[in-house]
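Since the structure comes first, as structure tokens, the remarks are kept for the end.
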Amino acid sequence: MARIKYTTEFMSKTALFYSVYNKNVKDGPKSILKQFLAEENIDMAKNKTGVDKAIETHKVFQKLYKQSEDFTQMRDNLFSPVFDNLKESVQFLKTWYRRNVRELGNWGITVDGDNAVKYPPSFEEKYELFITFYNKNKEMGEKSPLIPFLEENFIDMDKDKADADQANEYSLQGKQARLDYKEESNKRDRIFDPIFNSIRAIGQFLKRLFPKEMHKLGEWGYNIVESSPQMRVEIKKNPAVE
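The opening position of the sequence shown corresponds to residue 446 in the numbering used here, with each subsequent residue numbered one higher.
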């Protein structure tokens, strides 16, 4: 039994639309879709304008998505060494407070019932933990037990603080980019989804028109798949670019 296989990728969907649109334009007044489009009140020219707009919105979405990924990568690259230094410092303090490991709580460090240090999973929580740790060390001044460890291991906590703050700024920028690209994605879908529904409706019409010659739908850009309990074979591939 043959069926239409629809893609889920946006640009491939637009390619299918253009295939149907171009075939309809090429066939002109003799197009087999003429009466169906009129009956269903589908304006292909208007839809093309909508698809063009949706594609422009998609490009903005892609740009913002890339920015979000870049900001996240820059955040992680900058903050990872800072947090590594923090964990090494915590291990030193754990030996320093070996008779009372709970003292690490005053540095913002969580210790479980087995005296194991537990670090938070998210960047935001890690950043907050680092700031608490940094402030505690500053507050203790020359009395901080960390001083010899930091000096011996060439750890500059002020530099780490500057890097952590910059990483947090990247994180905030990444969050904003994510909010923006989601908005653009929603805007794109609001424009395109109703149009693609009409492409599905056209596909169903063509299936009814060619019940014994489903391969003809390939001329309109539709992917036709032959299904059976044993196998599924693709007969005609949509030339859409992913």
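Just so you know, even glycine gets a beta-carbon here, dropped at the ideal spot from N, CA and C.
Three-state secondary structure (DSSP) of residue i
i	result
N560	coil
E485	coil
E658	coil
L523	helix
S513	helix
L591	coil
S476	coil
N530	helix
Alpha helix (DSSP H) segment containing residue i, residue limits
i	result
R653	602-654
F599	Careful: F599 lies outside any alpha helix (DSSP H) and carries neither H nor E.
Y542	Where Y542 is concerned, there is no enclosing alpha helix (DSSP H), given that its DSSP letter is neither H nor E.
M585	568-585
V457	The question names Val, yet the displayed sequence has Ser at residue 457. Element bounds for S457: 455-472.
Exposed unless 16 or more other CB atoms sit within 10 angstroms - verdict on residue i
i	result
V433	Here the chain comprises residues numbered 446 to 687, so residue 433 is not present and cannot be evaluated.
T502	buried
K458	buried
M602	buried
Y564	exposed
G586	exposed
L531	buried
S464	buried
F599	exposed
S747	Only positions 446 to 687 of the chain appear in this structure, which leaves residue 747 out of reach.
R633	buried
V527	buried
S567	exposed
D608	buried
T470	The amino acid occupying residue 470 in the given sequence is Val; Thr does not appear at that position. So V470 counts as exposed.
M489	buried
G619	buried
A447	buried
A499	buried
G666	buried
N434	Since the first and last residues shown for the chain are 446 and 687, residue 434 lies out of range.
Those residues which DSSP pairs with residue i across a bridge
i	result
T555	K563
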